[in-house]
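Asks:
Okay, here's the thing in structure tokens:
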């Protein structure tokens, strides 16, 4: 697939995510769904499988559900309901298409994928006699084969269907073994090793990043609740409780790390080459920062777990594609391991400082005469760790930006060109250089001012990471997506943070930090 040879397990997962936006379906594995579509199309055409979210598209199709069967796309005469709207959408230039037309084209693609599976066109399991020949699907025998081999390619899947239905004379495992032998005969020189195939299938079944983010979120949230309750109770968290929560989070981090290692081995390159992988890596860096700085401070490790969980949750939303692909030419460089690893990891450290800032604002907001001492001590600890995290993040961000210039010179023949990504990376360096040195300005020093700066300053990181890729264009367009508007949740977050800032500003005056330098 896209010049990468992958197990059917991986292809099935990609197809199910594309069509149904799910990693499994009604308890069935992706392989079961894909084989079911091919072997039993009469049944699966009536299963609500295809994902539809656009209300205008639902109205056009006459449905109300978010997942609908393939039969819903055809009228009583068997005509495809979307054919004319799709033609009109494709007639427009991509930049001129509105949200409905983009969703229409994506939905049409999902339907076509289903029928490619039904027709067997997705089962490109039979290599040609040379590496340059495209692999063939059942019923489309490549040239240069013997008559027996051509017959097997053309009829092998029909035999498989008969065997699965209990009517065949040849066992299913024997047919699959024959397909494997055919692949070995003509493609053994460039096929992945058996161990690599087994690792990839294991990685697909393990799905480590999707498993670990609920653990991060749940354990981090519960630990934060315990800490906040103890603040009101005028007590500190017990050592056994702290160690127990820390062990769970570290176990999650080890699974997270193992997932990155497995993906690196499978892909053959560093696993931070696209949007999904970089999100997973930023979450890993955030959790690493929490473990480093939070060994003695449970609130820090809880904060990092929450942040990492949120990042992984976002990475598994519908608009992120977790597919493993070959590197685009500009990324096929050893600088991917160096530049991208350093600058992306910096986002984890800067993100932790911003999340700590939100916690400090929350602590300001809940402060009262009874818990002033506990709140003040907690704020001092968190602010100290936040300053260390900002310092580490700023060093990494600055070094990564300079290394990016070296890579740009190798790739494009110039060190700096004011490309949108380069410009915003520099803006972020300037913003955090100011934040790191605010304490040296008498009129700006103070915990509250620093905290506000870390929270607001993180918007420059978000603009560099998301805004440039999804709203602007430039030489870094290999990572570019499409976005027509700002999601409503962004406005909700901005309003919520503004309210928290106002409450914290009012309450922080009751805490005496004047003696703190």
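Numbering (my numbering), first residue to last: 889 to 1405.
Using N, Cα and C, we set each Cβ at its ideal position, and we do this for glycine too.
Predicted, not measured: the structure shown is a model, and the values here were computed from it.
If we ignore side chains and look at the alpha-carbon of each, how far apart do residue 1286 and residue 1168 end up?
Replies: Taking the straight line joining both Cα atoms gives about 22 Å.
Asks: Comparing alpha-carbon positions, which option in 1242, 1042, 1215, 1137 lies nearest residue 1110?
Replies: Residue 1110 has its Cα closest to that of 1137, out of 1242, 1042, 1215, 1137.
Asks: What did DSSP end up calling residue 1235 once you bin it into helix, strand or coil?
Replies: It is helical.
Asks: Can you pull the DSSP bridge partners for residue 938?
Replies: In the DSSP output, where bridge partners are listed per residue, residue 938 has 956.
Asks: Report the rounded CA-to-CA distance for residue 959 versus residue 1151, giving the unit in angstroms.
Replies: Cα-Cα distance, rounded: 37 Å.
Asks: Nearest by alpha-carbon distance to residue 899: which of 1175, 1130, 1236, 1001 is it?
Replies: With distances taken between Cα atoms, residue 899 lies closest to 1001.
Asks: Using the rule of at least 16 other Cβ atoms within 10 Å of the residue's Cβ for burial, across every protein chain shown, is residue 1352 buried or exposed?
Replies: It counts as buried.
Asks: Count Cβ pairs between the segment 1141-1148 and the segment 1094-1110 that sit closer than 8 Å; are there 3 or more?
Replies: Yes, the segment 1141-1148 is in contact with the segment 1094-1110.
Asks: Mapping the DSSP letters down to three states, classify residue 916 as helix, strand or coil.
Replies: In this structure, residue 916 counts as strand in the three-state DSSP scheme.
Asks: Just to check my reading of the structure: residue 1052 and residue 927 have Cβ atoms closer than 8 Å, yes? What is that Cβ distance to the nearest angstrom?
Replies: Their Cβ separation, rounded to whole angstroms, is 6 Å, which keeps residue 1052 and residue 927 in contact under 8 Å.
Asks: Identify which residue in 964, 1185, 905 has its Cα closest to the Cα of residue 937.
Replies: Among 964, 1185, 905, the Cα nearest to that of residue 937 belongs to 905.
Asks: Answer yes or no: do residue 1013 and residue 1023 have a C-beta to C-beta separation smaller than 8 Å?
Replies: The answer is yes: Cβ separation under 8 Å.
Asks: Assign residue 1381 to buried or exposed, taking buried as 16 or more other Cβ atoms, counted over all protein chains shown, within 10 Å of its Cβ.
Replies: With fewer than 16 Cβ atoms within 10 Å of its Cβ, residue 1381 is classed as exposed.
Asks: What are the boundary residues of the alpha helix (DSSP H) that residue 1144 is part of?
Replies: 1127-1155 is the span of the alpha helix (DSSP H), which, as asked, contains residue 1144.
Asks: Specify whether the segment 1334-1346 and the segment 1242-1250 touch according to this definition: at least 3 beta carbon pairs, one from each stretch, less than 8 Å apart.
Replies: A contact exists between the segment 1334-1346 and the segment 1242-1250.
Asks: Could you pull the start and end residues of the alpha helix (DSSP H) that residue 1275 belongs to?
Replies: From DSSP, the alpha helix (DSSP H) with residue 1275 extends over 1260-1300.
Asks: Less than 8 Å between the beta carbons of residue 1309 and residue 1356, yes or no?
Replies: In contact: residue 1309 and residue 1356 (Cβ atoms closer than 8 Å).
Asks: At the level of alpha carbons, what is the spacing between residue 1284 and residue 1230?
Replies: Distance between the alpha carbons of residue 1284 and residue 1230 is about 6 Å.
Asks: With DSSP collapsed to three states, give me the class of residue 1169.
Replies: Helix.
Asks: Do you know how far the Cα of residue 924 is from the Cα of residue 999?
Replies: Answer to the nearest angstrom: the Cα atoms are 16 Å apart.
Asks: Looking only at its own chain, which residues have a Cβ that is under 6 Å from the Cβ of residue 1414, when we skip the five neighbours before and after it?
Replies: No statement about residue 1414 is possible, as the shown extent of the chain runs from 889 to 1405 and does not include it.
Asks: Which residue from 1385, 1158, 1259, 1222 puts its Cα closest to that of residue 1294?
Replies: The shortest C-alpha separation from residue 1294 is found at 1222.
Asks: For the alpha helix (DSSP H) containing residue 932, list its first residue and its last residue.
Replies: 929-932 is the span of the alpha helix (DSSP H), which, as asked, contains residue 932.
Asks: Can you give, in chain order, each stretch of the alpha helix (DSSP H) that sits fully within the segment 975-1016 and has at least 4 residues?
Replies: Runs of the alpha helix (DSSP H) inside the segment 975-1016: 987-1006.
Asks: Under the DSSP definition of a beta bridge, which residues are partnered with residue 962?
Replies: 968, per the DSSP bridge assignment.
Asks: Out of curiosity, what's the CA-to-CA distance linking residue 1301 and residue 1323?
Replies: Going from the Cα of residue 1301 to the Cα of residue 1323 covers about 33 Å.
Asks: What separation, rounded to the nearest whole angstrom, lies between the Cα atoms of residue 1332 and residue 1271?
Replies: Looking at the two C-alpha atoms, the distance is approximately 15 Å.
Asks: Check whether the Cβ atoms of residue 973 and residue 949 sit closer than 8 Å, and answer yes or no.
Replies: Result no, Cβ atoms of residue 973 and residue 949 do not sit closer than 8 Å.
Asks: In chain order, what residues of the same chain lie with their CB nearer than 6 Å to the CB of residue 1236, ignoring the 5 residues before and after it?
Replies: Contacts found: 1170, 1173, 1174, 1177.
Asks: Less than 6 Å between C-beta atoms, sequence neighbours within five positions excluded: which residues of the same chain meet that for residue 1392?
Replies: Here the set comprises 1249, 1252, 1253.
Asks: Can the beta-carbon of residue 919 be found less than 8 Å from the beta-carbon of residue 896?
Replies: Yes; because the gap between Cβ atoms is below 8 Å, this pair is in contact.
Asks: Find the nearest neighbour of residue 1077 within the set 1107, 1100, 1018, judged by alpha-carbon distance.
Replies: Checking every option, the nearest Cα to that of residue 1077 belongs to 1018.
Asks: Could you tell me the distance, in whole angstroms, from the CA atom of residue 1079 to the CA atom of residue 1087?
Replies: Whole-angstrom Cα-Cα distance: 14 Å.
Asks: Beta-carbon within less than 7 Å of residue 935's beta-carbon, same chain only, minus the 5 sequence neighbours each way: which residues are those?
Replies: Result list for residue 935: 957, in chain order.
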